[in-house]
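This report concerns only the one structure given below.
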Amino acid sequence: ASEIPVGGGKVFEDAKVVVCQPAQGQFKAYSAACTHKGCSVDSVSGGMINCPCHGSKFKIADGSVASPPAEEPLEEKQITVQGDRIMLA
Numbered sequence: 405a406s407e408i409p410v411g412g413g414k415v416f417e418d419a420k421v422v423v424c425q426p427a428q429g430q431f432k433a434y435s436a437a438c439t440h441k442g443c444s445v446d447s448v449s450g451g452m453i454n455c456p457c458h459g460s461k462f463k464i465a466d467g468s469v470a471s472p473p474a475e476e477p478l479e480e481k482q483i484t485v486q487g488d489r490i491m492l493a
């Protein structure tokens, strides 16, 4: 959990998820597959999850589309936080 910055996030390519911390102590996880063409999102910056393929951006707070061409939100994944560990539920 300590490697996930407040207002940011991290893409875990092996698990195909992106974990974000929209507010202190609040963690959210989403599928790393962009809903536009299935490319893997590759970065989190400025409160946005970014897809490199066609420029779609998603909000870290709820996975909703902030910038097209994607039209559907990222799929939210259930996680559990235990101390400094974040695990898929």
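Counting in the working numbering, the sequence shown runs from 405 upward without gaps.
Built from N, CA and C at the ideal position, the CB exists for glycine as well.
Next item on the list: Assuming LYS463 contacts GLY450 (C-beta within less than 8 Å), just tell me the rounded distance between them.
Entry: Not quite, the Cβ-Cβ distance comes to about 10 Å (not below 8 Å), so this is no contact.
Next item on the list: Report the rounded CA-to-CA distance for LYS481 versus GLY459, giving the unit in angstroms.
Entry: Distance from the CA atom of LYS481 to the CA atom of GLY459, rounded to whole angstroms, is 22 Å.
Margin query: For CYS424 and GLU407, what's the separation of their Cα atoms in angstroms?
Written below: 10 Å
Next item on the list: Count the C-beta pairs between the segment 412–432 and the segment 468–475 that are closer than 8 Å, then say yes if the count reaches three, no if not.
Entry: Cβ pair count under 8 Å is below three, so no.
Check: For LEU478, which beta-bridge partners are listed by DSSP?
Finding: DSSP output for LEU478 lists no bridge partner at all.
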